[in-house]
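Chains as they are written, first to last, in my numbering: chain V, 23 to 255; chain Z, 23 to 255. All C-beta atoms, glycine included, are put in the ideal place defined by N, C-alpha and C. Just below is one structure, and these are the notes that go with it.
There are 2 protein chains.
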Amino acid sequence: MSTDARPTVSATVHDRLRAEILSGRLGVGDPIPSERALAEQHSVNRHAVREAVKRLQQAGLVAVSQGGATVVRDWRRTAGLDLLGSWPLLAADSGDGVILRDALEMRASIGIDVVRRCAQRAGAVERAEVAVRAAALAPDVVGDLEGTHERYIAFWDAVIDGADNLAYRLAYNSLIGAVGEIGAGAAHLFAREMADVTTFEALTTAVVEGDAEAAARAADALLSPTANEAGAA
Amino acid sequence: MSTDARPTVSATVHDRLRAEILSGRLGVGDPIPSERALAEQHSVNRHAVREAVKRLQQAGLVAVSQGGATVVRDWRRTAGLDLLGSWPLLAADSGDGVILRDALEMRASIGIDVVRRCAQRAGAVERAEVAVRAAALAPDVVGDLEGTHERYIAFWDAVIDGADNLAYRLAYNSLIGAVGEIGAGAAHLFAREMADVTTFEALTTAVVEGDAEAAARAADALLSPTANEAGAA
DNA sequence: TCTTGACAACTGGTTGGACCAGTTGCACGC
DNA sequence: GCGTGCAACTGGTCCAACCAGTTGTCAAGA
């Protein structure tokens, strides 16, 4: 995604504090060191620390109050879905791949309804776009798993546009951002789905023809097994 | 939620810029004014502007690059679900209540699977907690819509804990945060659900007894009508 | 004329220091 | 013993300067 690999000072401080919190080394209710102390610890200016803390505050990880200390919040109840972008830290917290299962379950749950809404509501232009993206996934080009994955994502992108639901769109963005964090193995994770040509074609046909329930059934068949496999591991 | 109503300078600048972007007055790809210019426009220090921009950057609304200008991103594709907390701005953008419909559809979609997972996976402690919260909703206290709504939220809180899925938990937090933005009318929005005692009891029983599919059906009957009503309006 | 390269004028990134504005807690005086 | 008030913290804001990258211009060269 971001080819700009130049880390800023405030990003460094932010990542370190976030790791402290998500790992549990800083527990709920604990005060974090004062801005001045953090600045000295990291040998940076206090302004950089403030920018880092502001981001933690926005993410719902800490509560800041003038005069008082900045304390760690119960982030499982205050943070939003965007936190899933901190995948490595969260995964380290939970040990095994439970969070991967969680994300895939949510993807399946949302994906099924996205497909349903797309079949119901999409306009002619959106349906055509879905058909085009589906055709681009024709399996005549094998071996290029990365490329196929890219086109697979583009397909779902089109379906979500057709569903015309901003909440789904934003949630999808969050999930994609999280998957991007798990690195190169992402494409392999969806290999089975991309190879399931029969189900995939049924899904596309149903969406284009506006058969909402058939589309939902196909999406279920396509997405749920991936989540269940992750849950079994 | 937040009783601290003292607005900070950077929050003011942040809100203004966010409104400019979400309203479309600043279009995708447009550069926003330089930090120095913004500082002068608002008669504030540049650091305050920087903190505001940092938050916009984290939310995926702008792309910052040293040396170059800070430009507005295509936030429908780069922002995460947390953006739903900017409800009033988004609603103003879409005109009518489409975003409310979107959020309620997502709530239904996720809620159904949450209930299913809860019935499957919840431990004895979590099941007991669900039963307790359900009992607390007994309709012997009528009239206090706000109080009932509060206990209704607490009930769903327990169900989500029982589902043991961090992604659902975080998404729920985002949705709750968004609903909090729509103000006092929130409780009224769910009045029908809270009054549907039959379905609600079926849901609770199924969850406690571990009947996943019965629970999912009940959740569907409880949640989907609300979304459909919002869609019809 | 067209290219090329250096420079000037931007952009954001970081630092230091100072002061304001709240909160907290200890110590002094009653 | 109990208040009360004064430090000594906390975060919030400002000013001023400089570093580091990007961009556009414009003049010197091919």
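Closer than 7 Å at the beta carbon, the chain Z residues around Ile121 of chain V
Within chain Z, the C-beta atoms nearer than 7 Å to that of Ile121 of chain V come from Leu188, in chain order.
Counting only beta-carbon atoms, is His64 of chain V nearer than 8 Å to chain Z?
For His64 of chain V, the answer is no, since every Cβ of chain Z falls outside 8 Å of its Cβ.
With 8 Å set as the bound, which would you pick, yes or no: does the beta-carbon of Asn195 of chain V sit closer than that to a beta-carbon of chain Z?
Chain Z, which has a Cβ nearer than 8 Å to the Cβ of Asn195 of chain V, makes this yes.
Does Ala255 of chain V pass the burial test, meaning 16 or more other C-beta atoms within 10 Å, or should it be called exposed?
Per the 10 Å Cβ criterion, exposed.
Under 8 Å between C-beta atoms of Ser131 of chain V and Ile132 of chain Z:
Yes.
Supposed close pair Arg193 of chain V, Ala193 of chain Z - CB separation, criterion 8 Å:
Note on residue identity: the sequence assigns Ala, not Arg, to residue 193 of chain V. The Cβ separation is near 6 Å, so the contact holds.
Coarse secondary structure for Val50 of chain Z, derived from DSSP in three states:
In the three-state reduction of the DSSP assignment, Val50 of chain Z falls in the coil class, being assigned neither a helical nor a strand state.
Which first and last residues belong to the alpha helix (DSSP H) in which Pro247 of chain Z is found?
For Pro247 of chain Z, the uninterrupted alpha helix (DSSP H) segment begins and ends at 234–254.
Using beta carbons (cut-off 8 Å, strictly below), is Leu192 of chain V in contact with chain Z?
By this cut-off, Leu192 of chain V is an interface position.
For Leu44 of chain Z and Leu103 of chain Z, believed in contact at Cβ under 8 Å, the rounded distance
Not a contact, Cβ separation roughly 15 Å.
Which word fits Ser65 of chain V, buried or exposed, when buried means at least 16 other C-beta atoms lie within 10 angstroms of its C-beta?
With fewer than 16 other beta carbons inside 10 angstroms of its own, Ser65 of chain V counts as exposed.
Is the separation between the beta-carbon of Arg139 of chain Z and that of Arg155 of chain Z shorter than 8 Å?
For Arg139 of chain Z and Arg155 of chain Z, no; Cβs fall outside 8 Å.
For Asp37 of chain Z, tell me which candidate among Z:Ser56, Z:Val50, Z:Leu83 has the shortest Cα-Cα distance.
Nearest in C-alpha terms to Asp37 of chain Z, of all of Z:Ser56, Z:Val50, Z:Leu83, is Z:Leu83.
Tell me whether Val94 of chain Z sits in a helix, a strand or coil according to DSSP, three-state version.
In the structure shown, Val94 of chain Z sits in a strand (DSSP, three-state: E or B).
If we cut at 8 Å on Cβ distances, does Glu235 of chain Z have a partner in chain V?
With a threshold of 8 Å between beta carbons, Glu235 of chain Z makes no contact with chain V.
List the DSSP bridge partners of Ala85 of chain V.
DSSP, once it has assigned bridges, lists V:Val93 as partnering Ala85 of chain V.
Applying a beta-carbon distance threshold of less than 9 Å, which residues of chain Z neighbour Arg155 of chain V?
The contacting residues do not exist; Arg155 of chain V stays about 15 Å from chain Z at best.
If the cut-off is 8 Å on Cβ atoms, which residues from the segment 83–110 of chain V count as contacting chain Z, listed in chain order?
With the criterion set as a beta carbon lying under 8 Å from some beta carbon of chain Z, the members of the segment 83–110 of chain V are Ser87, Gln88, Arg98, Arg99, Thr100, Ala101, Gly102, Leu103, Asp104, Leu105, Leu106, Gly107, in sequence order.
Whole angstroms is fine: what's the gap from Ala146 of chain Z's alpha carbon to Val229 of chain Z's?
Distance between Ala146 of chain Z and Val229 of chain Z, taken at the CA atoms: about 11 Å.
Inspect the beta-carbon positions of Leu167 of chain V and Ala209 of chain V and report whether they are closer than 8 Å.
Yes. Within cutoff.
Less than 8 Å separating the beta-carbons of Ala243 of chain V and Thr227 of chain V?
Contact check for Ala243 of chain V against Thr227 of chain V fails: the beta carbons are separated by 8 Å or more.
Is it true that the CB of Glu57 of chain V sits closer than 8 Å to the CB of Arg47 of chain V?
For Arg47 of chain V and Glu57 of chain V, no; Cβs fall outside 8 Å.
Measure from the alpha carbon of Ala141 of chain Z to the alpha carbon of each residue in Z:Thr92, Z:Ala241, Z:Gln63, then state which is nearest.
Nearest option by C-alpha distance: Z:Ala241.
Of the residues that make up the segment 66–81 of chain Z, which ones have a beta carbon closer than 7 Å to any beta carbon in chain V?
The segment 66–81 of chain Z vs chain V, Cβ under 7 Å: His69, Arg72, Glu73, Lys76, Arg77, Gln80.
Could you tell me how far apart the beta carbons of Pro53 of chain V and Val93 of chain V are, in whole angstroms, since I believe they sit closer than 8 Å?
About 5 Å separates the two Cβ atoms, so the contact holds.
Chain V beta carbons: is any one of them nearer than 8 Å to that of Asp52 of chain Z?
Closer than 8 Å: no.
Between which two residues does the alpha helix (DSSP H) containing Phe177 of chain V stretch?
Unbroken alpha helix (DSSP H) run through Phe177 of chain V: 167–185.
Roughly how many whole angstroms lie between the Cα atoms of Thr25 of chain Z and Ile204 of chain Z?
Only weak support exists for where Thr25 of chain Z lies, its pLDDT of 43 falling under 50; the value from the coordinates is given anyway. Rounded to the nearest angstrom, the two C-alpha atoms are 17 Å apart.
Within 8 Å of any Cβ in chain V, is that where the Cβ of Thr25 of chain Z sits?
Note that Thr25 of chain Z scores a pLDDT of 43, beneath 50, so its modelled location is shaky and nothing firm can be said.
When you compare the CB of Ala243 of chain V with every CB in chain Z, is at least one pair closer than 8 Å?
By this cut-off, Ala243 of chain V is not an interface position.
Does the Cβ of Asn67 of chain V have 16 or more other Cβ atoms within 10 Å, making it buried, or fewer, making it exposed?
The residue in question, Asn67 of chain V, is exposed, as its Cβ has fewer than 16 Cβ neighbours within 10 Å.
In whole angstroms, give me the CA-to-CA distance for Arg99 of chain V and Ala160 of chain V.
Distance between the alpha carbons of Arg99 of chain V and Ala160 of chain V is about 43 Å.
Confirm, please, whether the CB-CB distance from Val181 of chain V to Val152 of chain V is below 8 Å.
A distance below 8 Å separates the beta carbons of Val152 of chain V and Val181 of chain V.
Between the CA atoms of Trp109 of chain V and Leu225 of chain Z - distance to the nearest angstrom:
When only Cα atoms are considered, Leu225 of chain Z and Trp109 of chain V end up about 33 Å apart.
Give me, in chain order, the residues of the same chain whose beta-carbon lies closer than 6 Å to that of Ile134 of chain V; leave out the 5 immediate sequence neighbours on both sides.
Answer for Ile134 of chain V: Ala238, Ala241, Asp242, listed in chain order.
Closer than 8 Å at the beta carbon, the chain Z residues around Asp124 of chain V:
Within 8 Å of the CB of Asp124 of chain V, the CB atoms of chain Z belong to Asn187, Leu188, Ala189, Tyr190, in sequence order along the chain.
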